[in-house]
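In the working numbering, the protein residues as written are 7 to 242.
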Ligand code: APR
């Protein structure tokens, strides 16, 4: 029986693809305040500013220079080698895991390339800038479109599916996340205490919850993740 694996990824896995992390010295939250751009209150108060912030990030993600790196590719390869046994849960709103070939993937904090209408709930793909006066293509309401991302104070997506997988996994990997934001930061404890899973952290440096992992491997994701996946596949 092949082990069941849950993998949590964060901004660190996309750093070497050219996307910024949040809490590193050069991270996004060093230049802009969370409460100005990433809360429902910020959007209600100043939708133009919030749209500008996400428009810039969307344009950045669509820059042809931004491509999946070997860490994204290794996780896609792991899923292909273990069909039905790997659930990838990402806090990232970029689409680099999909572009690398991952299919069983949960975007718990939403997706930058999708928009949602706050009036009718319509969700659709979006690759262009959004304005505060734009109308919803589904219901025609004006000023109700928002990026389909989970803001601080909102409930992350697909939590039932994630907790079901955590409670039944044999191996939990946490990659490129600082472990500052809950509920994701609590997944390691869930995997350990409920599933008695082995827990491994792969990150540039120890995360907030580093002591909760059985094993830690520190280094750039593009190196440590492919190495780890290769060893895992060789072993089993
Ligand atoms: N390889 C591996 N890890 C890296 C790399 C790299 N090349 N570069 C940076 N890191 C690590 C950092 O050391 C840090 O521990 O990635 C982690 C990134 O942490 P954060 O910036 O806090 O990002 P993340 O954990 O994904 O943030 C969680 O916070 O603001 C929110 O919604 C946002 O989803 C995000 C959530």
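A virtual CB, placed ideally from N, CA and C, is assigned to each residue, including glycine.
Thinking C-beta only, is residue j closer than 8 Å to residue i?
| i | j | result |
| --- | --- | --- |
| residue 120 | residue 154 | yes |
| residue 230 | residue 208 | yes |
| residue 5 | residue 100 | Outside the displayed range of the chain (7 to 242) lies residue 5, so it cannot be described from this structure. |
| residue 132 | residue 147 | no |
| residue 191 | residue 215 | yes |
| residue 12 | residue 175 | yes |
| residue 183 | residue 66 | no |
| residue 177 | residue 9 | yes |
| residue 53 | residue 149 | yes |
Where does residue i fall in DSSP's three states?
| i | result |
| --- | --- |
| residue 195 | helix |
| residue 207 | strand |
| residue 229 | helix |
| residue 240 | helix |
| residue 6 | Because the chain here runs from 7 to 242, residue 6 falls outside it and cannot be looked at. |
| residue 222 | strand |
| residue 33 | coil |
| residue 130 | strand |
| residue 67 | helix |
With residue i and residue j assumed to form a contact (beta carbons below 8 Å), what rounded beta-carbon distance in angstroms separates them?
| i | j | result |
| --- | --- | --- |
| residue 128 | residue 144 | 4 Å |
| residue 194 | residue 210 | Actually they do not touch by this definition, with Cβ atoms about 17 Å apart. |
| residue 22 | residue 226 | 6 Å |
| residue 156 | residue 179 | So it is not a contact: roughly 22 Å between Cβ atoms. |
| residue 112 | residue 136 | 24 Å between Cβ atoms; not a contact. |
| residue 74 | residue 106 | 4 Å |
| residue 77 | residue 232 | 7 Å |
| residue 181 | residue 14 | 7 Å |
| residue 20 | residue 151 | Rounded, the Cβ-Cβ distance is 25 Å, inconsistent with contact. |
| residue 80 | residue 235 | 4 Å |
Output yes if chain C places a C-beta closer than 8 Å to the C-beta of residue i; else output no.
| i | result |
| --- | --- |
| residue 165 | Among the chains of the structure shown, chain C does not appear; only one protein chain is present. |
Ranges of the alpha helix (DSSP H) found wholly within the stretch 70 to 113, counting only runs of at least 4: With a minimum length of 4 residues, the continuous alpha helix (DSSP H) runs that stay inside the stretch 70 to 113 are 76 to 87, 102 to 106.
Pair every Cβ in the stretch 226 to 240 with every Cβ in the stretch 78 to 97, then say whether three or more of these pairs are closer than 8 Å. When Cβ pairs closer than 8 Å are counted between the two stretches, the stretch 226 to 240 is seen to touch the stretch 78 to 97, the count reaching three or more.
Per the contact definition of three or more C-beta pairs closer than 8 Å, is the stretch 161 to 179 in contact with the stretch 55 to 66? No, they do not touch.
Is the stretch 30 to 43 touching the stretch 191 to 203, taking contact as three or more C-beta pairs under 8 Å? Contact check between the stretch 30 to 43 and the stretch 191 to 203: fewer than three CB pairs, one atom from each, fall below 8 Å, which does not count as touching.
Start-end ranges of the beta strand (DSSP E) lying completely within the stretch 146 to 191, minimum 3 residues: Here the runs fully enclosed are 151 to 155, 177 to 181.
Chain-ordered residues, beta carbon under 6 Å from a heavy atom of the ligand FAD: Summarising the ligand content, the structure contains the ligand APR and does not contain the ligand FAD.
Beta strand (DSSP E) runs wholly inside the stretch 10 to 60, at least 3 long, in chain order: Whole beta strand (DSSP E) segments, 3+ residues: 11 to 15.
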